[in-house]
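Here is the structure we will look at.
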Amino acid sequence: MRKLFSLFTFVFLVGFAQAQPGTLDFSFGNEGFATSVISEGFNMAKAIAVQPDGKIIAVGHTGTSGSYNVGVVRYNEDGSNDNTFGTDGMVIISATNTNDYALDITFQPDGKIVLGGYIYSSSGSTTDVLVIRLNADGTLDNTFGTAGIVITNLGTDEVAEAIILQNDGKILLAGYHTDRFMVLRYNADGTLDNTFGTAGKASANVGAGMCFGQDLVVQNDGKIIVGGLGFDEIANYAFSMARFNTNGTLDNSFADNGTKIFNIGQGHDFMTAIALQSDGKIIAGGHTWIANQPTLQYDFAAARLNPDGSIDNTFGNQGITTVNLIYGGNYVSGMVVQDDDKIILSGNAEGQAEYDLGMVRLTADGVLDTSFGTEGITVTDVNNGADDASGVALQPDGKIVVAGHTSGADFPEFLVARFLNDVVSNPAVTITPLEITNTTVEASFTPNAACATYFILIGIQSEMEMWSAMMGVSVDSLVQMWGIEKSEAFTYLWTDQAPNTEYTLYARPLDANGFGYPLNTTTVTTLTGGGNGLAEIQVEVTQITDSSVRLIATPNDQTAVFFDGLITKEYFNEIGQDSAVDVIKDNGYPQYTTDDWVWLGLSAATDYYAIAVGKNALGEWGPATIVEFTTLEPVGISDPVEDQKTAFIFPMPNNGMFTFAAPEGQPGTIRIFNTNGQIVFDQSVSGDQPVIDARQLSNGLYHLHFISESKAITITEKLIIAR
714 MRKLFSLFTF VFLVGFAQAQ PGTLDFSFGN EGFATSVISE GFNMAKAIAV QPDGKIIAVG
774 HTGTSGSYNV GVVRYNEDGS NDNTFGTDGM VIISATNTND YALDITFQPD GKIVLGGYIY
834 SSSGSTTDVL VIRLNADGTL DNTFGTAGIV ITNLGTDEVA EAIILQNDGK ILLAGYHTDR
894 FMVLRYNADG TLDNTFGTAG KASANVGAGM CFGQDLVVQN DGKIIVGGLG FDEIANYAFS
954 MARFNTNGTL DNSFADNGTK IFNIGQGHDF MTAIALQSDG KIIAGGHTWI ANQPTLQYDF
1014 AAARLNPDGS IDNTFGNQGI TTVNLIYGGN YVSGMVVQDD DKIILSGNAE GQAEYDLGMV
1074 RLTADGVLDT SFGTEGITVT DVNNGADDAS GVALQPDGKI VVAGHTSGAD FPEFLVARFL
1134 NDVVSNPAVT ITPLEITNTT VEASFTPNAA CATYFILIGI QSEMEMWSAM MGVSVDSLVQ
1194 MWGIEKSEAF TYLWTDQAPN TEYTLYARPL DANGFGYPLN TTTVTTLTGG GNGLAEIQVE
1254 VTQITDSSVR LIATPNDQTA VFFDGLITKE YFNEIGQDSA VDVIKDNGYP QYTTDDWVWL
1314 GLSAATDYYA IAVGKNALGE WGPATIVEFT TLEPVGISDP VEDQKTAFIF PMPNNGMFTF
1374 AAPEGQPGTI RIFNTNGQIV FDQSVSGDQP VIDARQLSNG LYHLHFISES KAITITEKLI
1434 IAR
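Numbering (my numbering), first residue to last: 714 to 1436.
Structure follows, in structure tokens:
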């Protein structure tokens, strides 16, 4: 079993070079590790298991955001792909048309393979439990569920984190549902077992609030123990357990009427794994908070409980062992108990530069085993890149295999490693948010010694993922394409951001050879703007020509957001003032600070109204400000204008390279004007969202004017170039 709590992204893997326990096994794969690209996009293994014949199966997901599929790879004992399984050793399973994830794996005695996980609908933001059964050759088992697949919807979000097979062939999955521990039991054909719990589901509330099951074990007597995390009385996460009888009821003989919650340290404690020793004692694995400053620090942690749920004080220090692998975050995601009852805790050690595999081995009684690694500890890296391990298992010969993913030449790749490798410091950038207002974000960026250059960008995560999918490139590539390039420590202020919005700050580090490493990110939320009073906008029109006008709209301090725009007097009179203001509300671009803008493409000798209207922090609209003006008589031939539409420029600001999305996919011409009205860039564009390269322009504010080939569409947008 392996489990990883989703509040954290845990990354880790392998590399030491000695012939002792805890070192990389160079007889496996390519000097100790094997990688697989199942499909274009992300390939991420989340769990690993070893068949009785020694073959290794890694499971996870593959694809791109919004269309992830379950991915499975089977390896021979030497790390090569097993070509008798699926296609070239790999299987892709599309359970739905949304996102499908496999998080754990178990085997049946007949060689069939059962996967547990969940599906996620990004459109509805809902999750359902997913169970899949494969034949030994990797084909879907049509005798299970519907064509080998079972999806369980309990009415609200439910996630299965762990799976195990009972001795009678029934399948148990543990996770959480409505923020409570959850256990589901299925019959061998994939139907829910109605003799278990309520209609096949058992649940328990552990602690003083939300709780999340992460792993499970089955005792020799058939009782089921789920381990995870729940809130204690002061709202810290704590190690949490619940034990269920074989029929799904809580076992009141265990701990406090069937549940147990206890602290390891003085802050948050995350229990992510559970296992049993040969005498039936319960090992809880996870990590414990140490400090927030100057860097976030967690330590590996293990505790031992007696079968009745009491702490076993003969283990470690009064029942608890903590291990500091490195200065920083040390997180446990998986645990296995050897036949000699020694305990291997696997997870990641997060330093200032990278995530590495962290692993410790404890004696049966919770003391560091100095025969393993360096004084019982190993901290290692694989493939000199971005490595993530999410599962750990023991081979029949006792060797340790770890599964996860690694950055490949084109896509993240499935990774299986056996033993460990040396630690390598990867390029990284420390991001420190500084001053945040309602419309600005300031942050400093500090590269480490291994980072030769880096790119920075601010964006909304969902929008970045949208552009990633639309353009068919990773978010990492978008940051490098659109970001501001620096090589030394740097502080930058982004303006014109939306109030009360969560932004992600991205840094893409590169080494001296130009090789890109995983993004460093942090999130910030801009402040809420405006007040509770009357939102009013001051409007000034100036620099009127036969085809343009400069409109300056300035909000008062009570305005949270406002919209401005132009409408002909003729149309204004036709629809009336209220409808005209609604047109501006519905079609205007949201503004938060003074909007100083030159509107182009106007008709000569025509009466217009400039309109601005805003609302306060309570969402209450203020009065519209309406200013009339008339364009001058024509002094030349102007292009006809039949319609005004909206285009999209991303990112904003940018370094001069940006994506331009014209309305309705129209081809046409882009002209960029400086603030003096001079044309400084002129280019024909296709209608398929081209990338515009205007990096020859200096930093500053520009106006981008688009005219479609048919002359039916003209657009003027603000363009900010900042490096």
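Ideal Cβ positions, reconstructed from N, Cα and C, are used throughout, including at glycine. This structure is a prediction, so every number in the text was calculated from the model and none was measured.
> Name the DSSP bridge partner or partners of H774?
Replying inline: Taking the sequence shown and counting its residues from 1, one reaches residue 774 at position 61. Answer is M757, V783.
>> If you reduce the DSSP assignment to three classes, tell me which class T1429 lands in.
In response: Within the sequence shown, the letter at position 716 stands for residue 1429. T1429: strand per DSSP, three-state reduction.
>> Counting C-beta neighbours from all protein chains within 10 Å, is the total for G926 16 or more, i.e. buried, or is it exposed?
In response: Position 213 of the sequence shown, counted from the start, is the residue given in the question as residue 926. It is buried - the Cβ of G926 has at least 16 other Cβ atoms within 10 Å.
>> Between the segment 1205–1225 and the segment 1145–1164, can you find at least three pairs of beta-carbon atoms closer than 8 Å?
In response: yes
>> Tell me which residues share the same chain as Q1357 and place their Cβ nearer than 6 Å to its Cβ, disregarding the 5 neighbours each side in the sequence.
In response: On the sequence shown, position 644 is the one that residue 1357 refers to. Bear in mind that a pLDDT of 47 at Q1357, under 50, signals an unreliable position, so the model cannot answer this.
> Ordered along the chain, which non-local residues of its own chain (more than five positions away) have a Cβ less than 6 Å from that of A1220?
Replying inline: Indexing the sequence shown from 1 puts residue 1220 at position 507. Correct list, in chain order: V1142, I1144, F1158, Y1167, I1169, N1233.
> When the distance is taken between beta carbons, is K1431 closer than 8 Å to H1418?
Replying inline: Position 705 of the sequence shown, counted from the start, is the residue given in the question as residue 1418. Position 718 of the sequence shown, counted from the start, is the residue given in the question as residue 1431. Contact flag unset, no.
> If you follow the beta strand (DSSP E) that E1198 is part of, which residue opens it and which one closes it?
Replying inline: In the sequence shown, the residue the question calls residue 1198 occupies position 485. Segment 1197–1199, the beta strand (DSSP E) holding E1198.
> Between G782 and D817, which are expected to be in contact by the criterion C-beta below 8 Å, what is the C-beta distance as a whole number of angstroms?
Replying inline: As a first step, residue 782 must be located in the sequence shown, where it is residue number 69. As a first step, residue 817 must be located in the sequence shown, where it is residue number 104. The sequence shown places Asn at residue 782, rather than the Gly named in the question. About 17 Å; that fails the 8 Å criterion.
> Three or more C-beta pairs closer than 8 Å, one from the segment 1199–1208 and one from the segment 1179–1189: is that the case here?
Replying inline: no
>> Could you give the first and the last residue of the continuous alpha helix (DSSP H) run that contains V1049?
In response: The residue labelled residue 1049 in the question sits at position 336 within the sequence shown. It is not in any alpha helix (DSSP H) - V1049 instead sits in the beta strand (DSSP E) that spans 1042–1050.
> With a CB to CB cut of under 6 Å and the five nearest residues on each side skipped, what residues in its chain are close to E1253?
Replying inline: Counted from its first residue, the sequence shown places residue 1253 at position 540. For E1253, where only same-chain residues beyond five positions count, the Cβ hits under 6 Å are I1265.
>> Between the alpha carbons of Y1284 and N1300, how many angstroms are there, rounded?
In response: Against the sequence shown, residue 1284 aligns to sequence position 571. Against the sequence shown, residue 1300 aligns to sequence position 587. The straight-line gap from Cα to Cα measures roughly 15 Å.
> Leaving out five residues before and five after T869 in sequence, what residues of the same chain have Cβ atoms less than 6 Å from its Cβ?
Replying inline: In the sequence shown, residue 869 corresponds to position 156, counting from 1. Around T869: T891.
>> Taking contact to mean 3 or more Cβ pairs, one atom from each stretch, closer than 8 Å, check whether the segment 1297–1313 and the segment 1265–1283 are in contact.
In response: yes
> Taking Cβ to Cβ, would you say V1192 is nearer than 8 Å to V1105?
Replying inline: Counted from its first residue, the sequence shown places residue 1192 at position 479. Counted from its first residue, the sequence shown places residue 1105 at position 392. In this structure, V1105 does not lie closer than 8 Å to V1192 by Cβ.
> Where does the unbroken beta strand (DSSP E) through F1013 begin, and where does it stop?
Replying inline: Translated into the one-based positions of the sequence shown, residue 1013 becomes position 300. Counting along the chain, the beta strand (DSSP E) containing F1013 begins and ends at 1010–1018.
> Between V772 and the rest of its own chain, which residues show a CB-CB distance below 6 Å, the 5 nearest in sequence each way excluded?
Replying inline: The residue labelled residue 772 in the question sits at position 59 within the sequence shown. Only A760, V785, A815, I818, L828 meet the Cβ criterion.
>> Taking the alpha helix (DSSP H) that F1285 belongs to, which residues open and close that run?
In response: Your numbering for residue 1285 matches position 572 in the sequence shown. Unbroken alpha helix (DSSP H) run through F1285: 1282–1288.
> What's the C-alpha gap between N976 and I1003?
Replying inline: The sequence position of residue 976 within the sequence shown is 263, counting from 1. The sequence position of residue 1003 within the sequence shown is 290, counting from 1. Computed Cα separation, rounded: 13 Å.
> Which residues share a DSSP beta bridge with L1218?
Replying inline: Taking the first residue of the sequence shown as position 1, residue 1218 is located at position 505. Answer is I1171, T1235.
> Under a three-way DSSP split, which group does K1298 fall into?
Replying inline: For the purposes of this step, residue 1298 is identified with residue 585 of the sequence shown, where counting begins at 1. Correct three-state label for K1298: helix.
> Identify the residues that DSSP records as bridge partners of L847: which are they?
Replying inline: Taking the sequence shown and counting its residues from 1, one reaches residue 847 at position 134. I826, L853, per the DSSP bridge assignment.
> Between the beta-carbon of E1422 and the beta-carbon of G1369, is there less than 8 Å?
Replying inline: Counting from one through the sequence shown, the residue named residue 1422 turns up at place 709. Counting from one through the sequence shown, the residue named residue 1369 turns up at place 656. No, these two residues do not count as a Cβ contact at 8 Å.
> If you draw a straight line from the C-alpha of P1376 to the C-alpha of V1311, how long is it?
Replying inline: Here the question's residue 1376 lines up with position 663 in the sequence shown. Here the question's residue 1311 lines up with position 598 in the sequence shown. Taking the straight line joining both Cα atoms gives about 20 Å.
> Do you know offhand how far Y950's Cα is from Q733's?
Replying inline: Your numbering for residue 950 matches position 237 in the sequence shown. Your numbering for residue 733 matches position 20 in the sequence shown. Roughly 36 Å between the two C-alpha positions.
> Among W1334, I862, A901, which one has its Cα closest to the Cα of D1291?
Replying inline: Mapped onto the sequence shown, residue 1291 falls at position 578. Considering only alpha carbons, the answer is W1334.
>> In whole angstroms, give me the CA-to-CA distance for T1217 and I1171.
In response: Residue numbering aside, residue 1217 sits at position 504 when the sequence shown is read from its first letter. Residue numbering aside, residue 1171 sits at position 458 when the sequence shown is read from its first letter. So the two alpha carbons sit approximately 6 Å from each other.
> With distances taken between CB atoms, is the gap from Y1322 to L1315 smaller than 8 Å?
Replying inline: Residue 1322 sits at position 609 when you count from the first residue of the sequence shown. Residue 1315 sits at position 602 when you count from the first residue of the sequence shown. Going by C-beta atoms, Y1322 is not nearer than 8 Å to L1315.
> Any idea what DSSP makes of Q1193, helix, strand or coil?
Replying inline: Locating residue 1193 in the sequence shown gives position 480, counting from the first residue. Here Q1193 sits in helix by DSSP.
> Is it true that the CB of D850 sits closer than 8 Å to the CB of T1437?
Replying inline: Residue 1437 lies beyond the range of the chain shown here (714 to 1436); nothing can be said about it.
> How far does the beta strand (DSSP E) with W1310 in it reach, from first residue to last?
Replying inline: For the purposes of this step, residue 1310 is identified with residue 597 of the sequence shown, where counting begins at 1. Residues 1308–1312.
> If you scan the segment 954–1006 from start to end, which runs of the beta strand (DSSP E) of 3 or more residues do you find wholly inside it?
Replying inline: 972–975, 982–989, 995–1004
>> Tell me the rounded alpha-carbon separation between T839 and S1120.
In response: Walking along the sequence shown from the start, residue 839 turns up at place 126. Walking along the sequence shown from the start, residue 1120 turns up at place 407. Rounded to the nearest angstrom, the two C-alpha atoms are 29 Å apart.
> Would you say the segment 1034–1043 touches the segment 1069–1077, given that touching needs at least three Cβ pairs under 8 Å?
Replying inline: yes
> Which class does D1291 belong to by DSSP, given the choice of helix, strand or coil?
Replying inline: The count along the sequence shown starts at 1 and reaches residue 1291 at position 578. It is helical.
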